[in-house]
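Following: one structure in structure tokens, then a few remarks.
Number of protein chains: 2
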Amino acid sequence: MNLEQAARQLESLGNPTRLQIYRTLVRAGHAGLPVGGLQERIGIAASTLSHHLKRLVETGLVTQERQATTLICRAHYPAMDALIGYLADECCADAACAALAEPSAAS
Amino acid sequence: MNLEQAARQLESLGNPTRLQIYRTLVRAGHAGLPVGGLQERIGIAASTLSHHLKRLVETGLVTQERQATTLICRAHYPAMDALIGYLADECCADAACAALAEPSAAS
DNA sequence: CTTATATTTCGATACGTATCGAAATAGTGC
DNA sequence: GCACTATTTCGATACGTATCGAAATATAAG
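Read top to bottom, the protein sequences are chains A and B.
Numbered per the working numbering, the first sequence spans residues 1 to 107.
Numbered per the working numbering, the second sequence spans residues 108 to 214.
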């Protein structure tokens, strides 16, 4: 996980519609949701949804699996886990940041 | 923390330049860095930096404090903490998501 | 009040993104 | 192959963002 990739993932979550898509998928749980199901719940044009889904898939935050003609979408937790890990580690969220400043990945 | 606010914060971190700014501030530790110091380290136009800083301050991820003519910038950890909390909670990063689906903050 | 320094605002340009409807594609089943 | 459904791609528009240099502002010092 480098800065560029983290920024891409953060940007893909940083759009209200996409964050809503992602959250809806999380709440759908392991079963996931077909694209059409997402479209009904969120109420946007299918083309717009497809556009956003592509970006979430590209950044690895969402996976898709075919079942006949429908595409099942699922939140991909390991990616979110890694992203949160990056934020907590590189950009340490906890106030115990004084011990950081290691010259490992500096600039 | 609602979806809109989380999206704004994620978007503000989802730009490589801003993420680099934020990370530089984190690594600067408690002392923080003046705007000019950031500009030297990152190597962008002062006006561009000011533009990005404004967005990070607006979303609460960075704070600023005057010291004479210089503005000291610091990473504001509580905001990042809340954001990570939102991601881990609402968009649960851990695979133990089956127990979620509480109708508390649903859409 | 003038000078000097640090930062922001302004104006402009280039580029990317969000959105939609319509058309095209993909996969299934007859 | 044909019809049917699900999804994506296409084309177009509107809007926001990133970037810069130059000018304006703010704070301090003399």
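Just so you know, even glycine gets a beta-carbon here, dropped at the ideal spot from N, CA and C.
Residues bridged to residue i (per DSSP)
i         : result
A/Val-62  : A/Ala-75
B/Thr-177 : B/Gln-174
A/Pro-16  : Looking at the DSSP assignment, A/Pro-16 forms no beta bridge with any residue, so it has no partner.
B/Leu-140 : B/Cys-180
Amino acids of chain A, ordered along the chain, whose beta-carbon sits closer than 8 Å to that of residue i
i         : result
B/Gly-121 : Ala-7, Arg-8, Gln-9, Leu-10, Glu-11, Ser-12, Leu-13, Gly-14
B/Ala-195 : Ile-84
CB of residue i within 8 Å of CB of residue j, strictly
i         : j         : result
A/Arg-66  : A/Gly-32  : no
A/Ala-88  : B/Ile-191 : yes
B/Ala-153 : B/Gln-146 : yes
A/Gly-14  : B/Glu-197 : no
A/Val-35  : A/Leu-71  : yes
A/Leu-53  : A/Ile-42  : no
B/Met-108 : B/Tyr-193 : yes
B/Tyr-129 : B/Val-169 : yes
B/Leu-126 : A/Ala-82  : no
Reduced DSSP category for residue i - H, G, I as helix; E, B as strand; rest coil
i         : result
A/Gln-9   : helix
A/Glu-90  : helix
A/Ile-84  : helix
A/Ile-21  : helix
B/Ala-153 : helix
A/Glu-4   : helix
A/Cys-97  : Reliability fails at A/Cys-97, whose pLDDT of 40 lies under 50, so the model's placement of it is uncertain and the value that follows must be treated cautiously. Coil.
B/Ser-211 : Interpretation of B/Ser-211 is limited by its pLDDT of 38, a score under 50 that renders its predicted location unreliable; the figure taken from the coordinates is listed afterwards. Residue state, collapsed to three classes: coil.
Under 9 Å from the C-beta of residue i: neighbouring residues of chain A
i         : result
B/Leu-145 : Chain A residues near B/Leu-145: none, gap ~12 Å exceeds 9 Å.
Contacts of residue i in chain A (Cβ-Cβ under 7 Å)
i         : result
B/Gln-127 : Leu-3
Closer than 7 Å: residue i CB and nearest the ligand NAD heavy atom
i         : result
B/Leu-168 : Ligands are entirely absent from the displayed structure, and the ligand NAD is therefore not among its contents.
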